[in-house]
Structures are given as C-alpha cells and as structure tokens.
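Chemist:
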RNA sequence: CGGGGCGUGGCGCAGUUUGGUAGCGCGUUUGACUGGGGGUCAAAAGGUCGCAGGUUCAAAUCCUGUCGCCCCGACCA
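Following this line, the structure appears as structure tokens:
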C-alpha cells in the first residue's frame, strides 16, 4: 500500500526550556552598559564574542528571524524580490565608485591566497549595480526592485551598545532601478512604495517610531527619510514640530523664519584683545568674560564642485553649530571644510578668523546665520592670538550688506546655516516651536539618482532608442539593530518586554512542579492547543524554584505567562498574567485559556 | 584619532599601594530539608590571575612589551 505524503504545516512552535539554550544571567557582564545590551545578554539572547561581534542564541535568533520575516513579507508585497549577494566583494567593485577610499578604515579588507584584495561587504550598491548591468537587457524589464537580507560588515572604530552598533550586523538592503524619476515605473513611485512598506514593517513589529527627513549622507543622492524608533537612550537627535507634524533629523532640520537685521548700536568701541593660544570659542569667551552667544564663530569652507575654488566663510553665533549641508544648499555648490594649509596660504588665520576677511581676501564669500546678525559681537582679529570685541556689522564691514528684503548682497548672504535646536521656530508653522527627541535609526531610504549607474555605466536603450543612464534608489533596514531598538524602547526593571509580533515566543507556560504529571499533562495539552491557534509556546519545564522561573519569565519578556500549579488546577484553571502587568494575574479556566491568549495577543499583549 | 578605565573559575567582585604557595558572593554538582517571586543546611568540582619577557630566593602584586575589552569625545548607514 502506498502512503501518500501530504504537506503539513505547524502553526505555532512548542519548545521546552530544558531542551533549548537560554542561559539567563543574574548579573550582566560589566562591559554591557545599554539597557538592550545588558538585558539581551542577561536574557540569554546574545553573547559577546569580540568587540561588536555577537552570538545569536536561540531566543535572540528567533526575534531576529521574526523581524526579518516581517521585512520579507512587506518587501515582497511592495513588489521587491529577494536575492542573496556575496559577503566577499572584490575590492575593484568599491574602487569603481571610489568607496574603497570613502569608506576607508570602515571597510573590512582581506587578501586571499592569490594576493587578491577582497572586502567584506558593508553594503552592496556596487554589487547589485554590476549584477543588473549584466542581466538587464531592455527597458521593458524596468522598474526593478531587488533586496537581500544578510550579514554586513563594517569595521567601526568604536563598536558599542551591543547590537546597536556592531561590526557585523544583519541588514536588509533593497535597490531599485528606473528609467526615470517621475511617472509610472519611476523612482518616485518605488520610493513612495518603499516608504509605505517601511511604515508597515515597523508598525507590524510593534514599534513606536517617527519618520524624519534626513540628509542623504556620503552614500549620495537627493531625497532621504530615516525611520527612527523613539527611545530615550537613542543616539540620534530628531526635531519635531508638535503642531504641523514636521520632523527631521537634527542634521537636516530647517529652522522657521527668524527676523534679523544688521542694525546695531555703533557707539561701542572696537577693541583688540590679546588672547594667546585660544582658537576655541569657549576659552576666548571665558578669557573675555562674556557668553559664547555673544561671539561670532567663523568657519572657513571651500567649494568642492570641481570648478574654480571659492572660499566660503560661514558665520554663526558662538553657541551654535554650522551645518555643512545647509551651507551647501545656501550657496548652491558642494562645500568642504577648507584645507588648513591652503587656507593659511590664502591669508586666513585659522582659529582667529573674522567676517572681515570678506573685504581682504579675494574670492571670499560670507554666509551668515540670521542669529549672528544684529548686535555687538566678539570675534577673531584675523591675527594670531588676538580677538576683538565691539564688532558691529554695519560699521565694521566695508561691503554692501544684505537685508531681509534682499538677503543676498554682492558677496554676503544671510541664510539658515546652523543646526536646529529645541525651541527654534518651526519651519512649517510659525506659531510653533521645535521639540527635540531621541531616536534610534532603524531604516533609511534614499533616492540615489545616477551616481552608481554612472560609475558602472549602467545604461539601457529607452523606447526612443536613446541610451539612458538608469536611476536608482536604495532602501535599508538594520534588522539586528531593530531588535535591539525594540528592547531600548520597551523594557522595565525586571527585563525585556517584547512587542507581540517579534517576541521569541508568545506564551510561556510555567510548570510549577515538573515532576507532577498532572502539571505536565495540562501544560502539554495547553501548549498543543495554543500552537494550533498559531501561538509560539515555551514550556518552562525546568526543575527550578518558582521564584527563579517567574524572574526568568519576566527577564526574557514573553508577553503572556500561563502558570500551572496546584492552586489553579484545583479550580480547573491556569493562572494568566500579562508581562506588562504587575502582580500574580488571574485564574482562567483551562478550556478558555487559548481564547484568552489569542484575544490579548491580538490586542498587543 | 584624542582622553580615561579594566583584564583574577560561567557571572559579579576583593586581593596589587607595602612581593611570601589565590579569596568572597552568585551560579554549577551531590545529598537532605523545602516548595508560588532568585530558599536553607551540608559536602564538592572549577582559576598556570589576558599573553610574553624581565627583576627576585619568591611575582596576581614590581618593570618592559604586547594583546584584548569597555566608557567619554570626535566620526558614523
């Protein structure tokens, strides 16, 4: 008799604590500092192997896989398809886009037995571009969006905070290819689809997050958004307008209109002071006994657009920070901090530069932040070891000054060129002020444009038989970082509190007395019916004291605990407790338990 | 890349100043008692003190070098 095999699928997983590896720790290793790092180690999710290198133990790996699976489903639903790229990438590929230099030390490099140089891929723009170049032959195959979920490598100078900044980490990267930016099949369409997919991913993961406008960064490109998990312990600062909903990375955040003028009391005396070895604002301010906010900070940039070099002196208030991206946007050309030797040769006294250089050094332009206009200032004396006080723009600068009506004068302009700060006017609602919040970047989407396609000459004939360079987008999610971010976002003194969708198990069945067959029988039956409802179950069948099991259950953060003990069994019940509730929970008839679990899990645990 | 700190059983730490045969708590193993929020008692296993060299009769301890790890800053998808 032939036996027919049918495909079956288990809905939920049932594991026994005694059969898996969950080495919980009462104390975290001294070197772990961040909540996610400490708790994930204590909960037996990860172990440190080296700086920025970790083992993923079963518990941690289950969470990682759940996040990855959600990412996968949403990417597939948004029209992207998965593939796998190599971790080992020949160095020539990165040399093609000069990123072997741009990444510099961040790139893990190794030499194989034949002396070839190979990099451990930190990201794969070059690899996919090369792949697509060799495999796409017609514009009819566009648009195309492919992605991979895999380990990436970056030799971070200072890895830290556990999974938040490792040297080896799991990342999803998607790359899209288009004939155009606008229109059907264009970059914008896919970018928007990815944006929605990302919102879905992080919502489904159960995370509290904010989408912010971001700088494109060294990867190149135009528009860019970051997805930030809201957490006090986050490394990134984001600015939010509570009224309009505008939010942006602090590096990108615009500042609303600020009124300004160059009028000031010109009766104050202009005095030169000896300030030996004090190129910094702080020291000078202290020496002259005034606030840094009464000083001007003048940073010398040079244009970096390949054309004839111009000097750009960015002037902000002493307590503010110049934003290079804003300077670039203001003058409409890429800029870089001036080469110190060249700037000195041109006559800049680096460390003691004042706005007056615009009058004395050729090809020099001034960009002034509104907050650095009106008033009487202290600034450099354009002379080594000297500063001046009593600097007044409209008296001490022999050059046409702009006004609010005409913010660009001959070689001087006023523009928003500093980093936003809490309390600054919102750029979207004049009546509102910006608020600063902390976040952890878990996703980033970019419109890359043609940078990589050009570097690899990735072009194709369009319907008009014209050769066209392809336009690209790239979309990353830090999968392992997302896991850590969710712990940063959601934990308490007792341990982790996993969001339901990414929790390693949904229910932990705590068996009070594993030697009591009634206990184990009920536990097994319960686990079975829970798993049939699609619930992942961990049975704590260890011969441990109840206190140990309760503490561990809290530590590893499973959303629901069902306790099986004599007290509840006497009433044909189990004890039901949500992780986020305090106390002992309440009795639920055994037969009703799966229903109850399901309804609580469906409502976010 | 600048500044600081730390390497001693699985984890947390003492011992280093002033050299003298390595200790505590937790955890682990065995037994007994116990049995609903990290229990008690008893017994036991487990460390060439990161590594290498030097000084010394003698080095966890002093000297030199080296490797590793962490924190702050800078930098950074």
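Numbering (my numbering), first residue to last: 3 to 607. For glycine and all other residues, C-beta sits at the position ideal for the given N, C-alpha and C.
Identify every residue that forms a DSSP beta bridge with residue 175.
Modeler: In DSSP, residue 175 forms a bridge with 150, 478.
Chemist: Who are the near neighbours of residue 461 in its chain, counting only those whose CB is closer than 8 Å to its CB and skipping five residues on each side?
Modeler: Within the same chain, residue 461 has close Cβ partners 455, 469, 470, 471, 472.
Chemist: Would you mind reading off the limits of the beta strand (DSSP E) that contains residue 577?
Modeler: First-last of the beta strand (DSSP E) with residue 577: 575 to 580.
Chemist: Here's a check: name, in chain order, each residue in its chain whose Cβ is nearer than 6 Å to the Cβ of residue 607, leaving out the five neighbours to either side.
Modeler: Excluding sequence neighbours, residue 607 sits near 502, 561.
Chemist: According to DSSP, simplified to helix, strand and coil, what is residue 393?
Modeler: Here residue 393 sits in strand by DSSP.
Chemist: Does the region 420 to 434 come into contact with the region 241 to 255, if we say contact requires no fewer than three beta-carbon pairs (one atom in each stretch) closer than 8 Å?
Modeler: They touch, by the three-pair rule.
Chemist: I'd like to confirm the pairing. Which residues does DSSP put opposite residue 299 in its beta bridges?
Modeler: Paired residues: 318.
Chemist: Please classify residue 20 as buried or exposed, where buried requires at least 16 other C-beta atoms within 10 Å of its C-beta.
Modeler: It is exposed - the Cβ of residue 20 has fewer than 16 other Cβ atoms within 10 Å.
Chemist: What is the residue span of the beta strand (DSSP E) that residue 461 lies within?
Modeler: Per DSSP, residue 461 belongs to the beta strand (DSSP E) from 461 to 463.
Chemist: Residue 257 and residue 427 - do their beta-carbons sit closer together than 8 Å?
Modeler: Yes, the Cβ-Cβ distance between residue 427 and residue 257 is below 8 Å.
Chemist: Would you grab the beta carbon distance between residue 558 and residue 61 for me? Rounded to a whole angstrom, and I think it's under 8 Å.
Modeler: Going by Cβ atoms, the distance from residue 558 to residue 61 rounds to 6 Å, so yes, they are a contact pair.
Chemist: Near residue 252, what residues of its chain come up, given a Cβ to Cβ distance below 7 Å and the 5 sequence neighbours on each side ignored?
Modeler: Correct list, in chain order: 239, 240, 241, 421, 422.
Chemist: Compute the Euclidean distance between the alpha carbons of residue 264 and residue 282, then round it to the nearest angstrom.
Modeler: Those two C-alpha atoms are separated by around 25 Å.
Chemist: In terms of residue numbering, what span does the beta strand (DSSP E) encompassing residue 554 cover?
Modeler: Premise fails: residue 554 lies in the alpha helix (DSSP H), 548 to 558, not in any beta strand (DSSP E).
Chemist: Across the region 389 to 397 and the region 330 to 347, are there enough close Cβ pairs to call them in contact, namely three or more that are closer than 8 Å?
Modeler: Segments in contact, no.
Chemist: Per DSSP, residue 167 forms a beta bridge with which residues?
Modeler: Beta-bridge pairing links residue 167 to 162.
Chemist: If we require 3 or more residues per run, which beta strand (DSSP E) segments fall completely within the region 502 to 528?
Modeler: Within the region 502 to 528, the complete beta strand (DSSP E) runs of at least 3 residues are 509 to 513.
Chemist: Mapping DSSP to helix, strand and coil, what is residue 80?
Modeler: Coil at residue 80, not helix or strand.
Chemist: Can you tell me which of 552, 381, 119 puts its alpha carbon nearest to the alpha carbon of residue 353?
Modeler: Checking every option, the nearest Cα to that of residue 353 belongs to 381.
Chemist: Do you know offhand how far residue 500's Cα is from residue 545's?
Modeler: Cα to Cα, residue 500 sits roughly 25 Å from residue 545.
Chemist: Under the rule that 16 or more other beta-carbon atoms within 10 Å means buried, what is residue 88, buried or exposed?
Modeler: Burial call: exposed.
Chemist: Quick check on residue 476: buried or exposed, where buried means 16 or more other Cβ atoms within 10 Å of its Cβ?
Modeler: Buried, by the Cβ-count rule.
Chemist: Where residue 505 and residue 406 are concerned, what is the direct C-alpha to C-alpha distance, given to the nearest angstrom?
Modeler: Their Cα atoms are separated by approximately 56 Å.
Chemist: Mind checking which residues open and close the alpha helix (DSSP H) that includes residue 135?
Modeler: Residues 127 to 137.
Chemist: Does the beta-carbon of residue 402 have 16 or more other beta-carbons within 10 angstroms, so that it is buried, or is it exposed?
Modeler: So residue 402 ends up on the exposed side.
Chemist: Report all residues from its chain with a CB closer than 8 Å to the CB of residue 68; omit the five preceding and five following residues, and keep chain order.
Modeler: So the qualifying residues of the chain are 503, 504, 505, 506.
Chemist: Sort 383, 388, 408 by Cα distance to residue 399 and report the nearest one.
Modeler: Comparing Cα-Cα distances from residue 399 to each of 383, 388, 408, the minimum goes to 383.
Chemist: Cβ atoms of residue 498 and residue 41: under 8 Å apart, would you say?
Modeler: Yes. Within cutoff.
Chemist: Per DSSP, which residues does residue 116 bridge with? Please list them.
Modeler: Its beta-bridge partners do not exist; DSSP assigns none.
Chemist: For residue 216 and residue 438, I'd like the C-alpha separation in whole angstroms.
Modeler: Their backbone Cα atoms lie some 15 Å apart in a straight line.
Chemist: Tell me whether the region 318 to 336 and the region 355 to 374 touch, counting them as touching only if at least three CB pairs, one residue from each stretch, are closer than 8 Å.
Modeler: They touch, by the three-pair rule.
Chemist: Do you know how far the Cα of residue 478 is from the Cα of residue 445?
Modeler: So the alpha carbons of these two residues sit roughly 6 Å apart.
Chemist: DSSP on residue 598, reduced to helix/strand/coil?
Modeler: Helix.
Chemist: Indicate whether the contact test is met: 3 or more Cβ pairs, each with one atom in the region 187 to 200 and one in the region 70 to 86, closer than 8 Å.
Modeler: Segments in contact, yes.
Chemist: Can you tell me where the alpha helix (DSSP H) holding residue 435 begins and where it ends?
Modeler: Note, residue 435: premise wrong, no alpha helix (DSSP H); not H, not E.
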